[in-house]
Amino acid sequence: MQINVIIFGQLTEITGNTLLLNNIEDTDSLIRELNGLYPALASKKYVVAVDKQVINQNTILKGNSTVALLPPFSGG
Amino acid sequence: MNSIDPYERYQRQVILKEFGEAGQQKLLQAKVLVIGAGGLGCPALQYLVAAGVGSVGLADDDTVSLDNLQRQILYTVNDIGKSKAVSAASRLQQLNPDIKIIAYNERLTTQNTLTLISRYDIVIDGTDNFSTRYMINDACVLLNKPFVYGAVSQYEGQLAIFNYKKNEDDPSVNYRDLFPQPPNDDQVLNCEEGGVLGVLPGIIGTMMANETIKIITGIGEPLINQLHTYNALNNQVYQVLLSARNETRSLIPENETTFIQTDYEWLCASSSFRKFEIDIENFNTLLRSDDITVIDVREPDEIPVINEFISEKIPLSQLKENLAEIKNNTIIFFCQTGKRSLQAAQWLFDIFGETKKIYSLRGGILQWKKQQAKQPV
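These protein sequence lines are chains A and B, in that order.
Residue numbers for the first sequence follow numbering that gives the first Met the number 0, so the first one is 0 and each next one is one higher.
Residue numbers for the second sequence follow numbering that gives the first Met the number 0, so the first one is 0 and each next one is one higher.
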């Protein structure tokens, strides 16, 4: 089971633009995994979208789910 | 030949089938407030004014500087040093003298925001900082006004319409449903620190005008309850659906009175640093005590020069090497606006911990100077 992760904004400086991860059950374990791989990510603020829907709680991931990490932007 | 066609100026859009004279009438009757006449505000204003929005308010307390001209396309070198609100309004009025344009050359605060927003139908957020953005969001929720949001960072932009329902029973979301709490200043870089490609706010600001025109005239499918992101480097767009969070309403001030009492700048300051901050009154009291060291962490050429009290000058860029030299037990840092001094306080705390009393002047020396002008010590 493969999960595609797309990263936006300045978070890409930490992780790059896209990631492929295997054997991830849900969004909470995905975030734990990412924080382990990229400790700098742990202190960053972002929302998580699963298959183009922003989620507010832990969400089960299906194979080939796309998860997006979207940080807030401040510039105008 | 005298033209008496009231729609001549708008002819190219009036002949659009879905738009028509009815659409133009709706625009002419609409009142739109653009907050921030910067990278996003300039293009949004230009297109709204050109399209014939009947009343356009623009609020900005900043002045034009040379490094704005790369993306803030309403201004020229002749405007440098002048008020953005006044310069933009005069330029826009030349573009369309038939509509009403009102410039507000003032800083939005919790004291004036509700009154200002209540005079308009739609608010466009072209601000460049989180404290104003959360304040506008909360005000729009309290006043039930649609809020067209845009923001940029480096090569990427975000766009959404918040707090808007097409039908009474539809759900609506606001900015806090996306990001419930403001990030700390140290979590997200602004354009000053992170940079921005000039054309990017041009694209996003123009899209904000487009969404605004769509919700006024009722054409098309506005970006309601969705977040649209755009990447200028690879032209990729990504759109996600938003849904309401249960806790959102509890984060927004309950009513006008609690809104006025909310300190949005404070909410957006770095949470871990906040403990060091002292207000002007406490700062002035501490100045009179013995055994204190006041340290100015601004760079040598920064003004105003302070001679009202004694301070050591150690620019933030050289502070780390000099921290161990700081002998007194009570230290107050200050800088221009109170951000660098917070950083300085944190560094000193990392070395001395609780063994020294470490403070940072909230609002910086600029606020202090303003206060002194009102009531000298």
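Yeah, the Cβ is synthetic: ideal placement off N, Cα and C, and Gly gets one too.
A distance below 7 Å between beta-carbons, with the five flanking residues on each side excluded, links B:GLN342 to the following residues of its chain, in chain order: LEU315. Around B:GLY35, the same chain offers ALA58, ASP59, ASP124, GLY125, THR126, ASP127 and THR131 as residues with beta carbons nearer than 8 Å, after the five sequence neighbours per side are excluded. Remark: C-beta atoms of B:ARG361 and B:GLU280 do not approach each other more closely than 7 Å.
The DSSP assignment places 279–286 as complete runs of the alpha helix (DSSP H) inside the segment 272–301 of chain B, in order along the chain (cut-off: 4 residues).
According to DSSP, B:GLU324 shares a beta bridge with no other residue. Within chain A, no residue has its beta carbon less than 7 Å from that of B:THR109; the closest one is some 20 Å off.
For B:GLY149, no alpha helix (DSSP H) run applies; the uninterrupted beta strand (DSSP E) run containing it begins and ends at 146–152, by DSSP. Close partners of A:ALA48 in chain B (Cβ separation under 7 Å): VAL239. Per DSSP, the continuous beta strand (DSSP E) segment holding B:ASP124 begins and ends at 121–124.
Within chain B, SER152, GLN153 and GLU155 have C-beta atoms less than 8 Å from the C-beta of A:GLY8, given in sequence order.
Here A:GLN56 carries a coil assignment [DSSP, helix/strand/coil]. In the DSSP assignment, B:GLU155 falls within the beta strand (DSSP E) that extends over 155–161.
Ranked by how close their Cα comes to the Cα of B:THR261, the residues B:ILE294, B:ASP137, B:VAL48 and B:SER86 have B:ASP137 in first place.
In the three-state DSSP reduction, A:PHE7 falls in the coil class, being neither helix nor strand. B:ARG339 sits buried, since 16 or more C-beta atoms from the chains shown fall within 10 Å of its C-beta. Taking 7 Å as the cut-off, the Cβ atoms of A:ILE2 and A:LEU60 count as close.
Per DSSP, B:GLN24 is one residue of the alpha helix (DSSP H) stretching across 19–28.
Within chain A, the C-beta atoms nearer than 8 Å to that of B:VAL195 come from GLY74, in chain order. Interface residue (Cβ-Cβ distance to chain A less than 7 Å): B:ASP127 is classified as such.
Chain A places no beta carbon closer than 7 Å to that of B:PRO221, leaving this residue out of the contacts.
Taken through DSSP and simplified to helix, strand or coil, B:ASP4 comes out as coil.
When 7 Å is used as the limit between beta carbons, B:ARG244 is near these residues of chain A: ASN55, in chain order. Within the same chain, and ignoring the five residues on either side of B:GLU17 in sequence, the residues whose Cβ sits closer than 7 Å to its Cβ are ILE218.
Here B:VAL195 carries a strand assignment [DSSP, helix/strand/coil].
Counting along the chain, the unbroken beta strand (DSSP E) around B:LYS356 starts and ends at 356–360. Residue environment: B:SER249 is assigned as exposed (fewer than 16 neighbouring CB atoms within 10 Å of its CB, all protein chains considered). Annotation for B:PHE308: no alpha helix (DSSP H) segment contains it, and DSSP assigns it neither H nor E.
Check the Cα spacing between B:GLY193 and each of A:GLN9, A:VAL4 and A:LEU29: the tightest is with A:GLN9.
In this structure, the beta-carbon distance from B:GLN69 to B:GLY197 falls below 7 Å. Under the rule that a run must span 3 or more residues, no beta strand (DSSP E) segment is found entirely inside the segment 75–100 of chain B. Distance from the CA of B:VAL296 to the CA of A:SER28, rounded to the nearest whole angstrom, comes to 43 Å.
DSSP places B:GLN238 in the uninterrupted beta strand (DSSP E) bounded by 236–240. When the five nearest sequence neighbours on each side are left out, the beta carbons in the same chain lying within less than 7 Å of the beta carbon of A:THR58 are those of ASP25, THR26 and VAL49, in order along the chain.
Secondary structure note for B:THR256: its alpha helix (DSSP H) is the uninterrupted segment 255–260. Its chain contains LEU360 as the residues whose beta carbon lies nearer than 6 Å to that of B:PHE282, once the 5 sequence neighbours on both sides are disregarded; these appear in chain order.
Of all residues in the segment 60–73 of chain A, only ALA67, LEU69, PRO70, PRO71, PHE72 and SER73 place a beta-carbon less than 8 Å from a beta-carbon of chain B.
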